Amino acid sequence: MKLAMLIVNPSSGKERGKDYSEHALETMSKMGYKTELRITEGEGDAMDFAREACERKFDFVAAMGGDGTINEAINGIAEQDHRPLFGLIPLGTVNDFARALNIPMKPEEAIDIFKHNHVQKTDVGKINGRYFINIVAVGALAEASFSTPVEQKSKLGPLAYIIEGMKKMKEKQPFELKVHSDHDWEGDALLMLVALTNSVGGMETIAPEAKVNDGKLHVFIIKDIALPHFLLLLPKILSGELAESEHVHYMKVTKLEASSSYKMTANVDGDEGDELPIIIENLKQHLDILVPLTE
Numbered sequence: 208m209k210l211a212m213l214i215v216n217p218s219s220g221k222e223r224g225k226d227y228s229e230h231a232l233e234t235m236s237k238m239g240y241k242t243e244l245r246i247t248e249g250e251g252d253a254m255d256f257a258r259e260a261c262e263r264k265f266d267f268v269a270a271m272g273g274d275g276t277i278n279e280a281i282n283g284i285a286e287q288d289h290r291p292l293f294g295l296i297p298l299g300t301v302n303d304f305a306r307a308l309n310i311p312m313k314p315e316e317a318i319d320i321f322k323h324n325h326v327q328k329t330d331v332g333k334i335n336g337r338y339f340i341n342i343v344a345v346g347a348l349a350e351a352s353f354s355t356p357v358e359q360k361s362k363l364g365p366l367a368y369i370i371e372g373m374k375k376m377k378e379k380q381p382f383e384l385k386v387h388s389d390h391d392w393e394g395d396a397l398l399m400l401v402a403l404t405n406s407v408g409g410m411e412t413i414a415p416e417a418k419v420n421d422g423k424l425h426v427f428i429i430k431d432i433a434l435p436h437f438l439l440l441l442p443k444i445l446s447g448e449l450a451e452s453e454h455v456h457y458m459k460v461t462k463l464e465a466s467s468s469y470k471m472t473a474n475v476d477g478d479e480g481d482e483l484p485i486i487i488e489n490l491k492q493h494l495d496i497l498v499p500l501t502e
């Protein structure tokens, strides 16, 4: 019998994780899997459980929770030689990775797509030895997610990050940035955003060209501009034309190194990451993930 592991964050989705576990276990059983259930209790648990599944040569790992839980599980898998098939059941505030993969936001529907066994080879990002699935960002807006209250995220969703980001913009100075890759860039910047997928902060118009399997890092550098000019970028974000702005340097690369004379901390998938310098690369089609059938 094939072996599987279901990793559940019980605090995600207004603590509904356990409510959907039975449906997931039943579905996985019908698919021919003998499934072990793992409940996370704290930070790092999902990564440890996923790593255990790899070491024991499991065939399938499914993770139920928000972007943080999904990120942890993928960090446990991506570093291994044996990488099981992966499935995800979104229960978070934004669910960027699920959106990029066209996975339904309703947990029951996300579980049901497992039955079709339709696999998408998917890119994974790597930054200084850890892995990411959505974004790396540096600058004021990037730091907004560190200070956005959990209650505000729950009530307002992606809008919470924008509100907090606008507060940060008033108090944060531009920073000196050097980017070395196939296309070098150097200057003063307000924000560097490196997108792996088309869904950033719940919006699918920031990096509309980004695909989950294109092997590229989509890099947006917002130059040193006054707040009024920055606000004028919002319509371009909503229309998918951010890359075309004269105030934005856009490039597609497979690997880059970013450094600064300032003390800057990277935001990695919404969490606090390493200080610059950082090396970021795209591991093309590194994971096999279950996604909905294409029409």
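All residue numbers for the sequence shown refer to this note's numbering, where the first residue is 208 and numbers rise by one.
Glycine included, C-beta positions come from ideal geometry on N, C-alpha and C.
Just so it is clear, the structure is predicted and the values come from calculations on it, not from any experiment.
Fill in: When Lys241, Glu411 and Val455 are compared against Val268, the one with the closest alpha-carbon
Counted from its first residue, the sequence shown places residue 268 at position 61. With distances taken between Cα atoms, Val268 lies closest to Lys241.
Item to complete: Name the residue from Lys459, Glu488 and Gln380 whose alpha carbon lies nearest to the alpha carbon of Pro415.
Response: Mapped onto the sequence shown, residue 415 falls at position 208. Minimum Cα distance to Pro415 is reached at Lys459.
Worksheet item: Who pairs with Pro297 in a beta bridge, going by DSSP?
Response: Taking the sequence shown and counting its residues from 1, the one referred to as residue 297 is at position 90. In DSSP, Pro297 forms a bridge with Gly272.
Worksheet item: Using a Cβ-Cβ cut-off of 8 Å (strictly less than) and excluding sequence neighbours within five positions of Gly239, which residues of its own chain qualify?
Response: For the purposes of this step, residue 239 is taken as the residue at position 32 of the sequence shown. For Gly239, the CB contacts under 8 Å within the same chain, skipping 5 residues up- and downstream, are Met208 and Lys209 in chain order.
Worksheet item: How many Å lie between Tyr227 and Asp319 at the Cα?
Response: Working through the sequence shown from its first residue, we reach residue 227 at position 20. Working through the sequence shown from its first residue, we reach residue 319 at position 112. The alpha-carbon atoms of Tyr227 and Asp319 are separated by roughly 12 Å.
Worksheet item: Which runs of the beta strand (DSSP E) spanning at least 3 residues fall entirely within the stretch 441 to 491, listed in chain order?
Response: Listed in chain order, they are 455 to 460, 462 to 466, 472 to 475 and 478 to 482.
Worksheet item: Is DSSP giving Glu243 helix, strand or coil here?
Response: Here residue 243 refers to the residue found at position 36 when the sequence shown is read from its first residue. Strand at Glu243.
Fill in: Beta-carbon contacts of Arg306 that lie in its chain and below 6 Å, excluding the five residues immediately before and after
In the sequence shown, the residue the question calls residue 306 occupies position 99. Result list for Arg306: Ser406, in chain order.
Fill in: Rounded C-alpha distance that separates Leu424 from Ala285
Along the sequence shown, read from residue 1 onward, the residue named residue 424 stands at position 217. Along the sequence shown, read from residue 1 onward, the residue named residue 285 stands at position 78. Computed Cα separation, rounded: 17 Å.
Practice prompt. Leaving aside the five residues before and after Glu393 along the sequence, list all residues of the same chain whose C-beta is less than 6 Å from its C-beta, in chain order.
Written response: Against the sequence shown, residue 393 aligns to sequence position 186. The answer, listed in chain order, is Lys385.
Discussion item. I need the boundaries of the alpha helix (DSSP H) containing His387, first residue and last residue.
Written reply: Taking the first residue of the sequence shown as position 1, residue 387 is located at position 180. Careful: His387 lies outside any alpha helix (DSSP H), inside the beta strand (DSSP E) at Phe382 to His387.
Worksheet item: In terms of residues, what are the limits of the alpha helix (DSSP H) holding Gly224?
Response: By one-based count along the sequence shown, residue 224 stands at place 17. Residues Gly224 to Lys237.
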